[in-house]
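Chains W and S, in that order, are what the protein sequence lines are.
If you want our numbering, it's the position in the first sequence, counting the first as 1, plus 1322.
If you want our numbering, it's the position in the second sequence, counting the first as 1, plus 71.
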Amino acid sequence: MPKTMFDKIWDAHEVADGLIYIDLHLVHEVTSPQAFDGLRLEGRPVRRPDKTVATADHNVPTDGTPAARMIADELSRIQVETLERNCAEFDIPLYSLGSDRQGIVHVIGPELGITQPGLTIVCGDSHTSTHGAFGALAFGIGTSEVEHVLATQCLVQRRPKTMRIDYTGELGTGVTAKDLILATIGRLGVSGMVGHAVEYAGETMRGLSMENRMTICNMTIEGGGRAGMIAPDDTTFEWVSGRPGAPEDFDAAVAAWRELPTDEGAEFDTEVEIDAAAISPMVTWGTNPGMVTEVTDAVPDPGAWGDAPADREAAERALAYMALEPGTPITDIALDRVFIGSCTNSRIQDLREAASMVDGRKVAGSVRAMVVPGSQQVKAQAEEEGLHEVFRSAGFEWRTAGCSMCLGMNPDILDDGERCASTSNRNFEGRQGRGGRTHLVSPKMAAAAAIEGTFVDIRGWA
Amino acid sequence: MRPVDVIEGKVSVVERADVDTDQIIPKQFLKRVERTGFGEFLFYDWFRSGELELEPNPILVAGRNFGSGSSREHAVWAIQDFGFEAVVAPSFADIFYVNCTKNGLLPVILSEDACRELAAAGEGRIDVDDQTMTFAGGVVEFEIDEETKHRLLHGLDDIGITLKDEGAITAFEEAGGADRGPVTTAL
């Protein structure tokens, strides 16, 4: 019987009915301390430290603080130092502050070449879906499950349903993977993928870089999906090749990886088709990622949801929080802050694209803009290419690696009422700082917005 | 984990769809390294602004897609620590649902109509074994996976159950099932 890529990976990892073996467990400081405590209480070891790796990202200041003990915020310092102690005690490799491999957990996995096709990958973070870009089955788990994986290297899982989204056509000029996934969530809604492992398929995917694919899979959780996946191909294999974690017998690995893509005729529980060529640059206007529209459009009128009172009330509340009037053109929205970074959009290609918009221009006087590379290695690469100078001379702040203003667990936050164009993944109330107002966009759109001080349709921008 | 069999009493209501875990427990409270003490930060911003008030009743009734967004289990710990023993909604986000069951916070999926009627009734009784929710409007059945129900009813430790199967894990590893993927200690 023809099988989906999801089925192939799931079936190869089933230890017993509903018990899945985990090939790679990524750990960070926020969702792990209680799990390690649980192990200590029961006297349990970590079963496979050699399949586990940790980094510090959520709490990390992006001002170049060189070591955990020097983090100014006491609670953040304790959390990172606790991770360091736990990893030492349980023999888990750790890239903490001061390591040249430190960075956002979903950036460093692929960067080290340990994110590979066909693997099961988990992490106590919902954006673990990012790693599905390599044709892996990757999903976020809670702290109890983190403890379970540490103790058993397995996870109790119900088999999710499968969904395939088939994209046709090429993305237009100025339209990016970020716009594609925002448009998809806008169409399906923030619970449209709940209960599903989602495969992003079709000709459009073949033309996308690994960075682009990671951006798409990253935001699967914003559509409620359990996992997002894209079939591996030569683009995938070239990415993994030569990295520290790449398989020793690479040719044999590639031969096995070529067997992973969904078989012709395999059936999915849900099928969706989207015309990628029709997608425009997107901007969110509300307080969840499904509240999104085209840059050429206007802030919607909640009255348009007349027959769905819950949606109308949600839209009304969102507009009140966002301080936006229905009918306002998106390009009239003025910004206070711009954030380029996060596990969605902080890789080298993201920074190159943002820099290409900036070149020679200046950040608007009313805007404070920052660029936060996703890892120390992305930072080093960008500096080698001179991108930091492009950003700095335009008036952007150039920071060190971490989750930064995506979630405000570190000093990078919005002030009450500030409006931000952000390349991150969540525009929830207060996400970037209490009272902060977040508009999700692509790196190119964010960079252009920093220059103009308002959103701009980059397709006609010169 | 404490066994969960019958939960009864008054209900509190959050009449909103897509309530995300950032609202349930904002990020600034995720820095604690313990599992306890999160109740006072539940719905922190909404409580502080006065746009939401909740009594710590046994049952919380919420809108569809409750618990979306971040995987933070702190959201479940906060709801429990505040006093709720069950959350009833038309649907839940996947990770949040699982996190509930791992902590003995009972997630119950009822139709939109049943949720509204339960909210209007003001109190109810949930029987896990029978898979029924009883309130002034009547009795409705709910679905729960057999395995999850068994663990909840007996308060079983998931890891303990899996480790009973340790022979199977070892056999899987020895048969080559664990050969895929990198050796992180050799990077």
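Built from N, CA and C at the ideal position, the CB exists for glycine as well.
- Inclusion of A1455 of chain W and I1543 of chain W in the CB contact set at 9 Å is not warranted, their separation being larger than that value.
- Here V1429 of chain W is actually not in contact with V1763 of chain W; their C-beta atoms are around 19 Å apart, not less than 8 Å.
- Think of a sphere of 8 Å around the beta carbon of S162 of chain S: the chain W residues whose beta carbon falls inside it are S1513 and V1516, in chain order.
- According to DSSP, V1427 of chain W shares a beta bridge with no other residue.
- Beta-bridge pairing by DSSP links F137 of chain S to S:F163.
- Flagged as an interface residue toward chain S: A1338 of chain W, by a C-beta distance shorter than 9 Å.
- Assignment of R1781 of chain W by DSSP, reduced to helix, strand and coil, places it in the helix class.
- Cβ-Cβ separation between A1771 of chain W and V1660 of chain W: approximately 6 Å, consistent with a contact (criterion under 8 Å).
- In the DSSP assignment, no residue is bridged to M1679 of chain W.
- The beta carbons of S1451 of chain W and G1514 of chain W sit about 14 Å from each other, so the pair does not count as a contact at 8 Å.
- A distance of 9 Å or more separates the beta carbons of L1346 of chain W and T1377 of chain W.
- The segment 1469-1487 of chain W makes no contact with the segment 1552-1572 of chain W; the number of CB pairs closer than 8 Å stays below 3.
- Residue-level contact check: N128 of chain S does not touch chain W, since none of the beta carbons of chain W fall below 9 Å from its beta carbon.
- Boundaries of the beta strand (DSSP E) around A1338 of chain W: E1336 to A1338.
- Residues of the segment 1399-1429 of chain W with a C-beta less than 7 Å from any C-beta of chain S: I1400, Q1401, T1404 and P1415, listed in chain order.
- Selection W:R1486, W:P1554, W:T1558 and W:E1492 evaluated against A1523 of chain W yields W:R1486 as nearest (Cα-Cα).
- Beta-bridge annotation (DSSP): G1550 of chain W is paired with W:V1520.
- Any Cβ of chain W closer than 9 Å to the Cβ of D229 of chain S would place that residue at the interface, and such an atom is present.
- Straight through space, the alpha carbons of G1340 of chain W and W117 of chain S are spaced by roughly 38 Å.
- No Cβ of chain W is located within less than 9 Å of the beta carbon of Q202 of chain S.
- The residues G1431, H1453 and F1456, in chain order, have a CB closer than 6 Å to that of T1437 of chain W in the same chain once the five nearest residues on each side in sequence are set aside.
- At a cut-off of 9 Å between C-beta atoms, A191 of chain S does not count as an interface residue with respect to chain W.
- Judged by DSSP secondary structure, P178 of chain S falls within the beta strand (DSSP E) whose first and last residues are L177 to I180.
- Interface annotation, P97 of chain S: in contact with chain W, CB-CB separation under 9 Å.
- Judged by pairs of C-beta atoms under 8 Å, the segment 1707-1715 of chain W does not touch the segment 1627-1640 of chain W, as fewer than three such pairs exist.
- Shown here, F1713 of chain W sits in a helix according to DSSP, grouped into three states.
- In chain order, F1456, G1457, A1458, P1554, T1558, W1579 and L1582 place their CB closer than 7 Å to the CB of P1439 of chain W, counting only its own chain and leaving out the 5 sequence neighbours on each side.
- Shown here for K1483 of chain W: same chain residues with a beta carbon closer than 6 Å to its own, the five before and five after excluded, namely G1517, H1518 and D1591 in chain order.
- Judged by DSSP secondary structure, T1484 of chain W falls within the beta strand (DSSP E) whose first and last residues are K1483 to T1490.
- In this structure, E156 of chain S lies near L176 of chain S, with their beta-carbon atoms less than 9 Å apart.
- R1759 of chain W counts as buried, since no fewer than 16 other beta carbons sit within 10 angstroms of its beta carbon.
- Within chain W, the residues V1512, S1513, G1546 and N1610 have their CB atoms less than 8 Å from the CB of S139 of chain S, given in chain order.
- Each residue's CA atom was taken as its position, placing I1331 of chain W and I1443 of chain W some 11 Å apart.
- Considering only beta carbons, the part of the segment 1363-1374 of chain W lying closer than 9 Å to chain S consists of E1364, R1366, R1369, R1370, P1371, D1372, K1373 and T1374, in chain order.
- At a cut-off of 9 Å between beta-carbon atoms, V158 of chain S makes no contact with chain W.
- Per the C-alpha coordinates, the member of W:V1382, W:G1446 and W:D1447 positioned closest to S1421 of chain W is W:V1382.
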